[in-house]
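At position 14 of the sequence shown (counting the first as 1) the number is 65 in this note's numbering, and the numbers step up by one without a gap. Built from N, CA and C at the ideal position, the CB exists for glycine as well. Here is the structure we will look at, set down as structure tokens.
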Amino acid sequence: RSFLHTMANLAVAGAALSHAPAALAAHPAKTGARTLSFAHTHTGENLRFVYAVKGEYIPEALKKLNYLLRDHHSGQIGRMD
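Encoded structure:
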């Protein structure tokens, strides 16, 4: 049940962030957008996102990164700094 709740939250967060960052990633040189892509070998999850624009981090994007890099055994989410 916790897994389903977590996945639902991730889906909602991903949907909310998917529109603007995609447009920014299309022309990174013009927008100053920085992107990262990950493929998590243990969970099968994939993530590509804009994490910063013009030197400013996007907090919601960093939350997505923290979730992806969680301990896949316990589900514990750490904070990347």
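Looking at the DSSP output, Y108 bridges to A103.
Around the beta-carbon of R85, 16 or more other beta-carbon atoms lie within 10 Å, marking it buried.
Under the three-state reduction of DSSP output, T82 falls in the helix class. Looking at the backbone, the Cα of K115 and that of S125 are separated by about 17 Å. G83 has its alpha-carbon roughly 31 Å from the corresponding atom of D122.
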